[in-house]
Structure formats: C-alpha cells, structure tokens
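Have a look at the structure below, then the notes.
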Amino acid sequence: MALKTFVKVGSISNLSDARYCAGMGVDLLGFRAIEGQESYISPKQFQEIRGWVTGPQIVAEVYGITNAEQLAAVLENYRPDYLELGKKEWQALRELITLPFILSIDSGETLASIEAEPSFILVRERSDLAQLANDHEILLAVESAENIERIDKQNIHGIALSGSSEIKPGLKDYNELSEILEMLEDDH
Numbered sequence: 001m002a003l004k005t006f007v008k009v010g011s012i013s014n015l016s017d018a019r020y021c022a023g024m025g026v027d028l029l030g031f032r033a034i035e036g037q038e039s040y041i042s043p044k045q046f047q048e049i050r051g052w053v054t055g056p057q058i059v060a061e062v063y064g065i066t067n068a069e070q071l072a073a074v075l076e077n078y079r080p081d082y083l084e085l086g087k088k089e090w091q092a093l094r095e096l097i098t099l100p101f102i103l104s105i106d107s108g109e110t111l112a113s114i115e116a117e118p119s120f121i122l123v124r125e126r127s128d129l130a131q132l133a134n135d136h137e138i139l140l141a142v143e144s145a146e147n148i149e150r151i152d153k154q155n156i157h158g159i160a161l162s163g164s165s166e167i168k169p170g171l172k173d174y175n176e177l178s179e180i181l182e183m184l185e186d187d188h
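Just so we're aligned: the sequence shown equals residues 1 to 188 in the UniProt record's numbering.
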C-alpha cells in the first residue's frame, strides 16, 4: 500500500500501532527512547515490536536526553535510522550526533543557531511555514484530518502523526489515525 505523502508516526508504544502503520505504508515509525518521557518504550519492548514490523525506518525520539551515555545506550539498544530531538537536545549533544536527524522546533523558535542540516524539521502550525518549506524538508504535525489538504498547497514534504495507547492489549481505537491515513491512500 502506498500513501500520497511522506508520513511519520511517532510516540508508538504498542505492537498494534506499529503493525497498523507499517501495513498502511508509513515511512517512519518513532519510539520514545528516553526513560521518564511520555510514551517511553523500553529497549526490551522495542525489540519485541521491532521483530514483528518490517518496512518503515525507525526513529528514536530522544526528547529529554542530557548526556553522551544516554545517547550511546539509545544507539546500541534501538539501532535507529534517525534521531528526533528538540533544539535544546541538539545544542547539548550536537558534537555526538552522527545519524540523520529530525529537529522539532516550537512556533517561536528559529533555526538561526543550528549549525547543521537536519533531514527534516518537525513543526506545528507557524506563520512562517511557507518560508520554512522553501528552505527545508518539513514534516507538519497533524492532529486531525482537516489539516491534510494544506500539505499540497504549502510545499510540505510530509506529515507527522502520533500513536496512542491501547484500550487493552490487542484492542485499539484507530478512528483518527485511520481516517488520516485512509485519506492519504494512493488509489493507483
């Protein structure tokens, strides 16, 4: 199955989300890899999920990372294709980051002090979105289907969605996620 645009689904915390997204043709699956962060998934849980999923590249979401030891552990235990981090984490560890990365910036932040080129910039709605999209590969954080039409109109590379918790193991409500992904299905 192919999607009409590039899609990253982050904060994956269960096998149901991972398998559903992989089956729908999502490009990147993101997992919170720093203990104490919301939706954190342990290396053991990650390995169990990873064994069942093929296709998407893996993103280690390292918000809250503070030191080289944590980074080394993430690289060893998750073996990601990309890192995803905020500006604060980038500034603290930029000398150590060798993987391609996704930089998440808040609406008030600029890229002025970033001295490297991220693979993607993850943003929510911003007044300068069109300008950013001219200069960078943008992933727009989308929370509902209403925002999907804007992707084509603003030269945005793709979208970023979030996984959610299971009601109980194996039982999941995909309403919002499935609505967005089904809108993006390529009919050809």
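We put the beta carbon where it would ideally sit given N, CA and C, even for glycine. Only a predicted model underlies this, so the values are computations on that prediction, with no experimental measurement involved.
* To do: With a cut-off of 8 Å on the beta carbons, I'd call tyrosine 82 and isoleucine 102 a contact; round off their distance for me.
  => 6 Å
* **Chain-order list of residues whose beta-carbon lies under 8 Å from that of leucine 139 (same chain, five-residue window excluded)** => Phe6, Lys8, Ile102, Phe120, Ile121, Leu122, Val123, Ile156, His157, Gly158, Ile159 and Ala160
* Since serine 162 sits in a beta bridge, which residues does DSSP pair it with? -> Gly10
* **Secondary structure of asparagine 62, DSSP reduced to three states** => First, the amino acid is wrong: residue 62 is valine here, not asparagine. Here valine 62 sits in coil by DSSP.
* Where does isoleucine 180 fall in DSSP's three states? -> helix
* Give every residue of the same chain whose Cβ lies closer than 7 Å to the Cβ of glutamine 154, excluding the five residues on either side of it in the sequence, and list them in chain order. => Leu129, Ala130 and Ala133
* Asked: What's the C-alpha gap between residue 227 and isoleucine 180?
  -> No answer is possible for residue 227: it lies beyond the span of the chain, which begins at 1 and ends at 188.
* To do: Return the chain-ordered ranges of every beta strand (DSSP E) run that is complete within the segment 32-101 and spans a minimum of 3 residues.
  => 57-61 and 82-86
* To do: Look up glutamate 185 in the DSSP assignment and give the residues it is bridged to.
  => Leu3
* Cα-Cα separation between alanine 141 and glutamate 125, rounded to whole angstroms -> 8 Å
* **Start and end residues, alpha helix (DSSP H) containing alanine 22** => 15-24
* **Bridge partners - valine 142, DSSP secondary structure assignment** => Looking at the DSSP assignment, valine 142 forms no beta bridge with any residue, so it has no partner.
* Can you check whether the CB of leucine 28 is closer than 8 Å to the CB of alanine 18? -> no
* Asked: Excluding five sequence neighbours on each side, which residues of the same chain lie with their C-beta closer than 7 Å to the C-beta of isoleucine 49?
  -> Leu15 and Ala18
* Which residues share a DSSP beta bridge with glycine 30? -> Val59
* Starting from the C-beta of glutamate 137, find all residues in its chain whose C-beta is less than 6 Å away, skip the five residues before and the five after it, and write them out in chain order. => Phe120 and His157
* To do: List the whole-angstrom C-beta distance separating glycine 55 from glutamine 37, where the pair is believed to meet the contact cut-off of C-beta under 8 Å.
  => Their Cβ separation, rounded to whole angstroms, is 25 Å, which puts glycine 55 and glutamine 37 out of contact at 8 Å.
* Asked: If you draw a straight line from the C-alpha of lysine 4 to the C-alpha of methionine 183, how long is it?
  -> 9 Å
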